[in-house]
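Residue numbers (full-length UniProt numbering): 1 to 57.
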């Protein structure tokens, strides 16, 4: 196993939105019965509800 560098970054609204987008694209890629219109409502809603809002400083 190769040693890989990584960096821990604060969990922000921007990062949360990026994670939601990755999750949404992943679901659409793996579930061919879903349509892009589905993602605008249901998929994004599910992802949003499962990713906590960042804590405010």
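Note that CB positions come from ideal geometry on N, CA and C, so glycine has one too.
Where residue i falls: helix, strand or coil (DSSP)
i: residue 44; result: helix
i: residue 36; result: helix
i: residue 5; result: coil
i: residue 55; result: coil
Residue closest to residue i, alpha-carbon to alpha-carbon, out of the options
i: residue 51; options: 37, 6, 15; result: 15
i: residue 24; options: 6, 41, 56; result: 41
Residue j beta carbon less than 8 Å from that of residue i
i: residue 20; j: residue 45; result: no
i: residue 58; j: residue 27; result: Examination of residue 58 is not possible in this model, given that the chain is present from 1 through 57 alone.
i: residue 13; j: residue 54; result: yes
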